[in-house]
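Start counting the sequence shown at 1; every next residue gets the next number (the numbering used here).
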Amino acid sequence: MRDEAHCSFVMGKARVTPLKHVTLMRLELAAATVSTRTSEFLRAELSYQKIQEYFWTDSKIVLGYVPNDARRFHVYVANRVQQIRDSSDPNSWQYVDTSCNPADEASRGLMVKQLVEKSCWLTGPEFLQMDGPTVTPKVAAQKLDEADPEVKQAAVLSTCTEATNENQFPDYFEKCRLDRFSTWHRAKRAIANCLRYKTRLRQGKVVNGYKVPVVAVHPPHVSVEEMEEAETEILKSLQLQHFKSEVQALQQVKQRVSSQAESQ
């Protein structure tokens, strides 16, 4: 009859704890996974596809894991939580007090006399036999602790980008690099060739993710103008290295004067 409760034993399953050490929270989650697999089996065998199902557990940790979408778990927990969510509605999971949980009798064992006289393993807990809805009052889900070993720690990466002026010669021609050359002339010629290649790269094209320089159109020998430009860039680089604060102060004054001139 409608709203009349009837409780009967259909199928039960219990598993032995493995010899390898497994944490209690993983055992409780494994038990929840077994319950959803059993439910799938019964739905298929009994041809009950559209029925309202409820799952009870005395583990508040499981009740915290199953509906959680905000945290990422390690592989063992993540796989079983996903299996539970695929086979059941997270909102159908209810809390049952340990004293009323028949699953404990399967894991702890009972004498035959206890099983016959006062066991709830075959009859189910008393609240299931009451008339009306069998849903127990909602219990607040266990809040996941930041130190929970099953929760992946969030990795935070930060990127810092510094804007530089393209016209400013980069400060990678330190004095130690210039010491490699035996004469001032050879140093200027090497820097001039670097400036040539830099120009070719800027005019080049991107091919397969790499910047390809244009074909060289310069004469084989470095010109006088290129040697003078190389000397100027070397002096700028050394000044920036040894008088960095003074150069930055002059650049700030120059920018301030330019902005004032534009505003007028």
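C-beta: ideal position from N, C-alpha, C; glycine also.
Asked: Meets three-Cβ-pair contact criterion under 8 Å: the segment 175 to 188 and the segment 93 to 105; Found: no
Asked: Residue 187 burial status per 10 Å Cβ neighbour count (16 or more: buried); Found: buried
Asked: Residue span of the beta strand (DSSP E) that contains residue 95, given as start and end; Found: 93 to 95
Asked: Inter-stretch contact (C-beta, 8 Å, three-pair minimum) for the segment 193 to 206 and the segment 239 to 246; Found: no
Asked: The beta strand (DSSP E) enclosing residue 41, as first and last residue numbers; Found: It is not in any beta strand (DSSP E) - residue 41 instead sits in the alpha helix (DSSP H) that spans 24 to 46.
Asked: Cut-off 6 Å between Cβ atoms - residues of its own chain near residue 231, not counting five sequence neighbours on either side; Found: 188
Asked: Proximity below 8 Å, CB of residue 195 to CB of residue 233; Found: yes
Asked: Exposure of residue 41, with buried meaning 16 or more beta-carbon neighbours within 10 Å; Found: exposed
Asked: Range of the contiguous beta strand (DSSP E) that encloses residue 57; Found: 55 to 57
Asked: Candidates 16, 95, 125: closest to residue 109 by CA position; Found: 16
Asked: Start-to-end residues for the alpha helix (DSSP H) that takes in residue 21; Found: No alpha helix (DSSP H) holds residue 21; DSSP gives it neither H nor E.
Asked: Classification of residue 65 by the beta-carbon crowding that lies within 10 angstroms, buried from 16 upward; Found: buried
Asked: Buried or exposed by the 16-neighbour rule on C-beta atoms within 10 Å, applied to residue 45; Found: exposed
Asked: Cβ neighbours of residue 11 in the same chain (closer than 7 Å, five flanking residues each side left out); Found: 38, 42
Asked: Inter-residue Cα distance where the pair is residue 25 and residue 74; Found: 13 Å
Asked: Beta-carbon gap between residue 107 and residue 14 smaller than 8 Å; Found: yes
Asked: Alpha-carbon to alpha-carbon, residue 54 and residue 34; Found: 14 Å
Asked: C-beta atoms of residue 125 and residue 90 nearer than 8 Å; Found: no
Asked: is_contact[residue 73, chain E] using C-beta, thresh 8 Å; Found: The displayed structure is made up of one protein chain only, and chain E is not part of it.
Asked: Span separating the alpha-carbon of residue 81 from that of residue 29; Found: 8 Å
Asked: Beta-bridge partners of residue 181, as assigned by DSSP; Found: None; residue 181 has no bridge partner.
Asked: Cα-Cα separation between residue 32 and residue 79, rounded to whole angstroms; Found: 12 Å
Asked: Range of the contiguous alpha helix (DSSP H) that encloses residue 227; Found: 224 to 242
Asked: DSSP three-state assignment for residue 205, whether helix, strand or coil; Found: strand
Asked: Per-residue burial, residue 249 [other beta carbons within 10 Å of its own, 16 or more giving buried]; Found: exposed
Asked: Beta-carbon proximity list for residue 72, same chain, < 6 Å, skipping 5 on both sides; Found: 152
Asked: Close-in-space but distant-in-sequence residues of the same chain around residue 76 (CB under 7 Å, 5 per side omitted); Found: 26
Asked: Residue 150 versus residue 23: straight-line alpha-carbon distance, rounded; Found: 10 Å
Asked: Assigned exposure category for residue 148 - 16 Cβ within 10 Å defines buried; Found: buried
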